[in-house]
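Novice:
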Amino acid sequence: MMIEACLAALLASGATGAPAARHVHPAATKEVRDGPNRARPSLAVVISIDQFPSRYLKQFAPLFGKDGFAAFQRGAVFEASRYPYATTVTGPGHAAIGTGLPPSRSGIVGNAWYERGSEDRGKPSVVYCVDDPHTELVTAIGGKVAPLPLPGRRFSPANLSGDALGDRVVETYPRARVIGVALKDRAAILMAGRRAHAAYWFSEEGQRFVSSRYYPGVNPTLLAHRTDCVSWGASFAGCGWKAWSPRRGLGDQLDAAGVFDTPETAAFEKVPDGLARTGPDAYRIESAKGLLFTPYGNTLLLDFARRVVDLEKLGRRGAPDLLFLGLSSMDYIGHQFGPDSAEVADTVRRLDSDLAAFVRHVTGAVGAGRVTFVLTADHGVQAIPNVARARAEREGKAADVGEVPASLVEALAADAARAAAGAPAENAPRRVAYFMEPGLWFDWSAISEPSRGPVEAERVRRAVRDALAPGKVEGVSSTWTSGDLLAPCQRQAGDEAAERLRLCEAVRQSFRADRSPDVVVTLRPGWIWKSGESATTHGQPVADDMEVPLVLWGAGIVRGLRSTAQASPLDIAPTLGALLGVEAGRPGARPLPCLTEAVRARSAPVRRSRRGRRRSPGRRAPPRGRLQPSRQGCDERSAATMARVEGERLSV
C-alpha cells in the first residue's frame, strides 16, 4: 500500500529463394524524381506499427484516405520486405529497426531471457530486454524531473549491444536530437539506441508518459503534460474515449477489407481487462490499460509525438534530428481479436486518419521537403487458429492450424532431460527453469553435477531436442540445441533440406549463446503457442510473422518506386545513415536503392574517429558501465513470478 500511496501523491501533485528483383518507378522527368525533395532531411521520422504484416497495406486499402497510408506509398515501397531472423517479437524487432542488426548481434534475443547461473545464487531470474537495476523511472513534479516509484520498472538500453543509427547521428552532429516515443517501453528504448537524448513511453500504472533517469535530455514539460483525453478517473471524456464501436465506422466496407468476423468466430476472441463488451459491437473503456486495447491508444501516442516535435523544435535545430515512434495498440488489439476481426480493421482505418493528421502537422512545422518518413513494423501476426479453420471450411479448404501447449513441451523436455542426465525424480519441477518463445532454458543444478562438462550438457540438450522434434509434437517444424546453432548451417539437396537450411539460418540470426535458450523450437505456419490470455500471437520464422511493410517517403527519397528486391527493416539504419551522412547498420550493409540522385552523389558518410567521438557540448555521456549487459536481471522477480505475472506482456 505504501507504493500505491506514494504514486497517488505524485500524480496528485500536478505534475532468401526470392524471385528476380525488379525496381519500377514512373518514367518521369528528373524534376519529378528528384525535385523539391532532393536535399537531405532536417528530420527523419521512423514509424513502427506493432504487429502490422505487410499484407495489411493491400487488404485494408479500401479503408484508406488519400493522405495516410496511401501518401506513404507514393514514395518507395519494398514489397518483399521480410525479417531474416526467427524470433519475430517486439524487442528484437525494434532493436533491429534502430540498429540494423539481427538479434544475434544486437543482443536482444527476445522480449526476455533467462539469466544463466542465477539459480546457483538461489534466486532464478529473468531479464526483461530493457531492464536496468541501476536507473529509475521518472516523471515530472513541480516542473522538474522526479522519480516515479513503480516496482520492477527500471528501464534503459543497457542490454542493447552495438551502435544504433541514433548513436551515430549523435556522435556526428553535436546539435542533433534523437528521441524515441512509444506506448511500449521496449519499443521507444530499443529503437532510439544507447545515446539517445530521451525516450518516452506510456505507463498504464502511472497513467501518463514516463521516462528513465538514464537519459540526459528528458523534458519535464513533456512529462508534466496530461492530455485532456485521459482524465485519470477513467472517463476519458475529454476526447469522447468512453466507448468504441468498431463496425459503426466500417459500414459496408467489411467485405471489401477481407474481414471474417461472425458471431461464431467472435467466441474465439478474448476481451482484455480494462475493456468491457457492452453489446455485439460495443465496448466500454474502463481504465488506462483498456484504452491501449483500442485505436485511441495510437491517437494518444501521436498526440504526444506532435508535442515532442513542437517542444523540442525537431527539424529546426541546424542538424538532422531523429524521431522514432512505436504505435503499439495494433499489437494489443491483434492479440485479443485476431487479424480477421472488425476490431483490427477499424483500428487500421482510424490509424490511417491519425497518421495523415500527424504528417500534416510535422511537415507544417518543419517544412515541406525537409522530412523523411519511414513506415515499417516489428513483426506480423498469425490468424486465430479456430478462425482460420472456420474460414477454410467456408471456402471448402483444409487448414493445417492449431495450438501447441507450452506446458506439454515443458513436461516432455523435463522428462527427456532427466532421463538423459540421470537426475533424481524429486528435482523434476526445476529442470526447465524458464520457457518463452522460442525455447527452453534448463536449470542445470537440477539436471547434472556441476563437474559435468559441455559435452555431457550437449548430450542432454540433444535428448530434449529429439523428444520435441517434428513428428513427436504436432505443430513443431524444427528443434535446435545451442550446440547446433554454434555450427554452420548444412547445405543439402532437396526441398526439405532447403527449408531446413532456411530455418537454420533464421534461427542462427536470433541466437546468442549467453542469452538464447538451451533448446529452440519453431512451429509450422498456422500454429501458435497456446496462451491463456491472448487469442493469437506471432514469433515464428513464417511468412505471416516475418513479412512487414518497408516504405520510405519524403526528403531524399525517389518517388513512385516499387521494388521486389530482397529487403528488410534491418536496411533502415544504413539507408537513413547514407541519407544523413553517417555509417550505420551491420558491417558492409548497403543502403536501399531509393535515394535520389542528388543525395547519392554526396552520400559519402562522415568519417568518425574511434578514439575521439564528437559529443554534444555539455551533454552527459552515459557511464561506460551502463552500456554493458546487466547481469543482475530483474531484482524484484523470480523466474516463476516473472513467468506468471509478466509472461503475456513479454510475449507480445
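Each residue of the sequence shown is one higher than the one before, starting from -16 at the first, in my numbering. By construction, the Cβ of each residue, glycine as well, lies at the ideal position given by its N, Cα and C atoms.
#1: Please list, in chain order, all residues of the same chain as tyrosine 197 whose beta carbon is under 6 Å from its beta carbon, the five residues on each side excluded.
#2: Are at least three pairs of beta-carbons, each pair with one atom in the region 116 to 131 and one in the region 144 to 151, less than 8 Å apart?
#3: Just to confirm the assignment, what range does the alpha helix (DSSP H) spanning tyrosine 674 have?
#4: Would the beta-carbon of valine 637 fall within 8 Å of that of leucine 468?
#5: Which residues mark the beginning and the end of the beta strand (DSSP E) in which isoleucine 268 is found?
#6: Which same chain residues, not among the five before or five after tyrosine 279, have their C-beta less than 6 Å away from its C-beta?
#7: Under the DSSP definition of a beta bridge, which residues are partnered with phenylalanine 418?
#8: Name the two residues that bound the continuous beta strand (DSSP E) containing threonine 355.
#9: Given glycine 601, which residues of its chain have a CB within under 8 Å of its CB, disregarding the five upstream and five downstream residues?
#10: How many Å lie between serine 551 and valine 531 at the Cα?
#11: With respect to the alpha helix (DSSP H) encompassing glutamate 710, which residues constitute its N-terminal and C-terminal limits?
#12: In chain order, which alpha helix (DSSP H) runs of at least 4 residues are fully inside the region 138 to 205?
#13: For lysine 127, which residues from the same chain have a beta carbon less than 7 Å from its beta carbon, with the 5 sequence-adjacent residues on both sides left out?
#14: Starting from alanine 123, follow the alpha helix (DSSP H) in both directions and report where the run begins and ends.
#15: Measuring only the C-alpha atoms, how far is arginine 88 from isoleucine 540?
#16: Could you give the DSSP three-state label for serine 465: helix, strand or coil?
#17: Would you mind reading off the limits of the alpha helix (DSSP H) that contains isoleucine 555?
#18: Just how far apart, CA to CA, sit glutamate 566 and methionine 419?
#19: With which residues is glycine 509 paired in a DSSP beta bridge?
#20: Cutting at 7 Å between CB atoms, please list the residues of its own chain near arginine 260, excluding the five before and the five after it.
#21: Which value, in whole angstroms, describes the spacing of the CA atoms of phenylalanine 341 and valine 161?
#22: What separation, rounded to the nearest whole angstrom, lies between the Cα atoms of alanine 396 and threonine 70?
#23: Can you give me the Cβ contacts of alanine 302 inside the same chain, cut-off strictly under 6 Å, excluding the 5 residues immediately before and after it?
#24: Among all the DSSP beta bridges, which residues are the ones paired with glycine 537?
#25: Between which two residues does the beta strand (DSSP E) carrying serine 89 extend?
#26: Please report the residue range of the alpha helix (DSSP H) in which threonine 261 lies.
#27: Taking 8 Å as the threshold, find out whether the region 435 to 442 comes into contact with the region 473 to 481 through three or more Cβ pairs.
#28: Measure the beta-carbon distance from valine 357 to tyrosine 39 and round it to whole angstroms, keeping in mind my assumption that it falls under 8 Å.
#29: Throw me the rounded Cβ distance for the leucine 486 and proline 524 pair, which I believe falls under 8 Å.
#30: Are there three or more Cβ pairs, one per stretch, closer than 8 Å when the region 339 to 354 is compared with the region 287 to 294?
#31: Take aspartate 329 and list the residues in its own chain whose beta-carbon comes closer than 6 Å to its own, dropping the five residues that flank it on each side.
#32: Could you have a look at lysine 127 and say whether DSSP puts it in helix, strand or coil?
#33: If you run the structure through DSSP and keep just helix, strand and coil, what is isoleucine 30?
#34: Can the beta-carbon of glutamine 319 be found less than 8 Å from the beta-carbon of alanine 518?
#35: Label aspartate 252 either buried or exposed according to how many other C-beta atoms from any shown protein chain fall within 10 Å of its C-beta, with 16 as the threshold for buried.
#36: Please determine, among Arg569, Leu275, Ala249, the residue with the shortest C-alpha to C-alpha distance to tryptophan 257.
Specialist: Reading off the structure:
#1: Stepping through the sequence shown from its first residue, residue 197 is reached at position 214. Taken in chain order, the residues that qualify are Thr118, Ser139.
#2: Output reads no: the region 144 to 151 does not touch the region 116 to 131.
#3: What the structure shows of the chain is the stretch from -16 to 635, and residue 674 is not part of that stretch, so it cannot be assessed.
#4: Here the chain covers residues -16 to 635 and nothing more, so residue 637 does not appear.
#5: Here residue 268 refers to the residue found at position 285 of the sequence shown. Boundaries of the beta strand (DSSP E) harbouring isoleucine 268: 265 to 268, taken from the DSSP string.
#6: The sequence position of residue 279 within the sequence shown is 296, counting from 1. Excluding sequence neighbours, tyrosine 279 sits near Trp224.
#7: Mapped onto the sequence shown, residue 418 falls at position 435. In the DSSP assignment, phenylalanine 418 is bridged to Leu423.
#8: Here the question's residue 355 lines up with position 372 in the sequence shown. That run of the beta strand (DSSP E) goes 354 to 359.
#9: Within the sequence shown, residue 601 is the residue found at index 618, counting from 1. Only weak support exists for where glycine 601 lies, its pLDDT of 37 falling under 50; the value from the coordinates is given anyway. Nothing meets the Cβ criterion.
#10: The residue given as residue 551 occupies position 568 in the sequence shown. The residue given as residue 531 occupies position 548 in the sequence shown. Cα to Cα, serine 551 sits roughly 8 Å from valine 531.
#11: Lying before the first or after the last residue shown, residue 710 is absent from the chain, which here runs from -16 to 635.
#12: Within the region 138 to 205, the complete alpha helix (DSSP H) segments at least 4 residues long are 148 to 155, 168 to 175, listed from N- to C-terminus.
#13: By 1-based counting over the sequence shown, the position of residue 127 is 144. Pro203, listed in sequence order.
#14: Taking the sequence shown and counting its residues from 1, one reaches residue 123 at position 140. Counting along the chain, no alpha helix (DSSP H) covers alanine 123; the unbroken beta strand (DSSP E) around it starts and ends at 120 to 124.
#15: Taking the sequence shown and counting its residues from 1, one reaches residue 88 at position 105. Taking the sequence shown and counting its residues from 1, one reaches residue 540 at position 557. Rounded to whole angstroms, arginine 88 to isoleucine 540 spans 28 Å at the Cα level.
#16: In the sequence shown, residue 465 corresponds to position 482, counting from 1. Serine 465 falls in the helix class under three-state DSSP.
#17: Mapped onto the sequence shown, residue 555 falls at position 572. Note, isoleucine 555: alpha helix (DSSP H), 555 to 563.
#18: As a working note, residue 566 is residue 583 in the sequence shown. As a working note, residue 419 is residue 436 in the sequence shown. Computed Cα separation, rounded: 34 Å.
#19: Stepping through the sequence shown from its first residue, residue 509 is reached at position 526. By DSSP's assignment, glycine 509 forms no beta bridge with any residue.
#20: Taking the first residue of the sequence shown as 1, we reach residue 260 at position 277. Listed in chain order, the non-local C-beta contacts of arginine 260 below 7 Å within the same chain comprise Val254, Tyr266, local neighbours out to five positions each way being set aside.
#21: Locating residue 341 in the sequence shown gives position 358, counting from the first residue. Locating residue 161 in the sequence shown gives position 178, counting from the first residue. So the two alpha carbons sit approximately 18 Å from each other.
#22: Residue numbering aside, residue 396 sits at position 413 when the sequence shown is read from its first letter. Residue numbering aside, residue 70 sits at position 87 when the sequence shown is read from its first letter. Each residue's alpha carbon lies about 20 Å from the other.
#23: The residue given as residue 302 occupies position 319 in the sequence shown. Non-local beta-carbon contacts of alanine 302 in its own chain, meaning distances under 6 Å to residues more than five positions away in sequence, involve Tyr156, Arg158, Ala159 in chain order.
#24: Mapped onto the sequence shown, residue 537 falls at position 554. DSSP, once it has assigned bridges, lists Thr355 as partnering glycine 537.
#25: Here residue 89 is taken as the residue at index 106 of the sequence shown, counted from 1. Counted as a single uninterrupted DSSP element, the stretch harbouring serine 89 is not any beta strand (DSSP E) but the alpha helix (DSSP H) occupying residues 86 to 89.
#26: By one-based count along the sequence shown, residue 261 stands at place 278. Run containing threonine 261: none in the alpha helix (DSSP H); it sits in the beta strand (DSSP E), 258 to 262.
#27: By the C-beta criterion, the region 435 to 442 is judged not to be in contact with the region 473 to 481, since fewer than 3 inter-stretch pairs fall below 8 Å.
#28: In the sequence shown, residue 357 corresponds to position 374, counting from 1. In the sequence shown, residue 39 corresponds to position 56, counting from 1. The C-beta distance from valine 357 to tyrosine 39 rounds to 17 Å, too long to fall under 8 Å, and the pair is not in contact.
#29: Stepping through the sequence shown from its first residue, residue 486 is reached at position 503. Stepping through the sequence shown from its first residue, residue 524 is reached at position 541. By a beta-carbon distance limit of 8 Å, leucine 486 contacts proline 524. Their separation comes to about 6 Å.
#30: Yes, the region 339 to 354 is in contact with the region 287 to 294.
#31: Within the sequence shown, residue 329 is the residue found at index 346, counting from 1. Around aspartate 329, the same chain offers Pro229, Gly232, Leu233 as residues with beta carbons nearer than 6 Å, after the five sequence neighbours per side are excluded.
#32: Here residue 127 refers to the residue found at position 144 when the sequence shown is read from its first residue. In the three-state reduction of the DSSP assignment, lysine 127 falls in the strand class.
#33: Your numbering for residue 30 matches position 47 in the sequence shown. Isoleucine 30: strand per DSSP, three-state reduction.
#34: The residue labelled residue 319 in the question sits at position 336 within the sequence shown. The residue labelled residue 518 in the question sits at position 535 within the sequence shown. Taking 8 Å as the Cβ cut-off, glutamine 319 and alanine 518 qualify as a contacting pair.
#35: Within the sequence shown, numbered from 1, the residue matching residue 252 stands at position 269. Here residue 252 is glutamate; the residue named in the question, aspartate, does not match the sequence. A buried status is given to glutamate 252, since no fewer than 16 other beta-carbon atoms sit within 10 Å of its beta-carbon.
#36: Translated into positions along the sequence shown, residue 257 becomes position 274. Correcting the residue identity first, residue 257 is glycine in this sequence and not tryptophan. With distances taken between Cα atoms, glycine 257 lies closest to Leu275.
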